[in-house]
Amino acid sequence: MSLRFCNSHSLYHLLLVLVIFCSISAIYAKANEDPTIRTMEAFSGYPIHESNSFVTNLASSLSVDAETLQKRIDELSTFSDTPAPSVTRVLYTENDVLARSYIKNLMGLSGLSVREDAVGNIFGRCNLKCTLHMVLCFSQRIGNEAVLAPVATGSHIDAIPYSGKYDGVVGVLGAIEAINVLKRSGFKPRRSLEVIMFTSEEPTRYGISCLGSRLLAGIESLAKDLTSTVDGQNISFLDGARSAGYAKEHNDLSSVFLKKGSYSAFVELHIEQGPILEEEGTSIGIVTAIAAPASMKVDFEGNGGHAGAVLMPNRNDAGLAAAELALAVEKHVLESGSIDTVGTVGILELHPGAINSIPSKSHLEIDTRDIDEKRRNSVIEKIHQSAITIAKNRAVTLSEFKIVNQDPPALSEKSIIEAVEAASKELNLTHKFMISRAYHDSLFMA
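If you use mature numbering (1 follows the signal peptide of the UniProt record, and there is no 0), the sequence shown corresponds to residues -29 to -1, 1 to 417, in order.
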């Protein structure tokens, strides 16, 4: 599941929520009076019946080093292809590699055991065995019983051109700081904690969002497709990965797949990327569901020609076909009748791209999302039919209509929602339940 925050003041508070979540020691109460107890027992694997004095002491001892965290966010932002205050950090480029090294060094300094997979997902695990008897965490008792799967948290650090320095980054650096807070407080969990830095959450280079988490989720079609995927400079994905030190002996990317049950819980700290929390003055958003995203690539081809020599009745303008389809996207989204349906033409390219040349080719990339998968799929089909009709009416060729991804929505685990809510209440923080219409790696970790 995901957590959202609206500003830097909320960041400090939300990190405390993340800390409490990772320790799951925010509230003690009688099992028959508080459903939170059932939540905590479900994670911990043993009954909860001690007094709440330990929890109160732990919560009061937690202190986030906000100054150092902000410093690290600022430092990481310097690994950028564009000048401050913007950040541009594209997958497997020089600055991406430098930023990855920075994250691995921080993980090492925090005492985490660091490993990477074939595509560059980075894992930092905190393997601490508990010596305390009054502890609540996502675990079972250590002893002769086998150690259960760890709790994971994390996000991404790649950045689309001219983005901000908090997007994704705070979910990685904040997770590292959350573990540091627990260590400073003397808390030693019985279940391991793991920070994940996902590779390529952004689709900037290879056109695939959440590439790393999709592979971790075991999407076989993606693992196969990536072996023949190239970027805008015709550099293959595998060559790009190898230039950054990954996939050296891995043409088969199924080695990245996680086994089912690898983690007992996952939570992602992320900026909201919308105005709701800030407008309402609410510190924390607890995500209950993630909208279903889909993306399409569309190409039209016409005859082109000179802008002055070819008269209007004789034109087959691929550019106008693209413009008409862009307006059709808006029309079909609005006709859905739901505020939860959205559509965006984020890329529109014309060839040859000269002021005195009629476009002979046009390329669009379309994003549409909805919390209702059936309604979203209906919009996609209407966009497809519009593309066919536009091509026919304008006497151009619809050379490609490709659905790149068509992912299902995801529901957050009820027990994790309750745990985060409990942590928010323990810290007296304003919070609300939200649907995330932006999707992140949490969608595929679910």
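C-beta: ideal position from N, C-alpha, C; glycine also.
K385 and R346 have their C-alpha atoms some 25 Å from each other.
Taking the C-beta atoms as reference points, F169 is found nearer than 7 Å to D412. Listed in chain order, the beta strand (DSSP E) runs fully inside the region 128 to 199 are 130 to 134, 164 to 169, counting runs of at least 3 residues.
By the 16-neighbour rule on beta-carbons within 10 angstroms, M416 is buried.
Using a 10 angstroms sphere on the CB of F271, the tally of other CB atoms reaches 16 or more, which defines it as buried. According to DSSP, residue pairing for F404 in a beta bridge involves I257.
Sequence-distant Cβ neighbours of H277 in its own chain, meaning closer than 8 Å and more than five residues away, are N327, S328, I329. T198 has its alpha-carbon roughly 26 Å from the corresponding atom of L319. In this structure, A297 sits away from Y63, with a CB-CB distance that is not shorter than 7 Å. Under the rule that a run must span 3 or more residues, the beta strand (DSSP E) segments found entirely inside the region 358 to 410 read 368 to 377, 402 to 407. Here the region 155 to 164 does not lie against the region 54 to 71, with fewer than 3 beta-carbon pairs under 8 Å apart.
One Cα belongs to A236, the other to Q244, and the distance between them is close to 24 Å. Counted as a single uninterrupted DSSP element, the beta strand (DSSP E) harbouring F271 occupies residues 263 to 272. A residue is called buried when at least 16 other Cβ atoms come within 10 angstroms of its Cβ; Y133 does not meet this threshold and is exposed. For S84, the uninterrupted beta strand (DSSP E) segment begins and ends at 84 to 87.
Put simply, the region 355 to 365 touches the region 277 to 297. At least three CB pairs are less than 8 Å apart. Straight-line spacing of the CA atoms in F208 and Y177 works out to 7 Å. Under DSSP, G317 forms no beta bridge with any residue. Out of G273, Y410, R340, the CA that lies nearest to the CA of S370 is found in G273. With 16 or more neighbouring CB atoms inside 10 Å of its own CB, G95 falls in the buried class. Residue pairing by DSSP places R286 opposite no residue, since no beta bridge is assigned to it.
Its chain contains T198, L209 as the residues whose beta carbon lies nearer than 8 Å to that of N222, once the 5 sequence neighbours on both sides are disregarded; these appear in chain order.
K195 sits exposed, since fewer than 16 C-beta atoms from the chains shown fall within 10 Å of its C-beta. In the DSSP annotation of this structure, the continuous segment of the alpha helix (DSSP H) that includes S48 starts and ends at 37 to 48. Rounded to whole angstroms, the gap between the alpha carbons of F50 and A390 is 35 Å. With distances taken between CA atoms, V201 lies nearest to I179 out of E239, I150, I179, I342.
Here DSSP, grouped into helix, strand and coil, assigns L335 to strand. N98 and A146 have their C-alpha atoms some 15 Å from each other.
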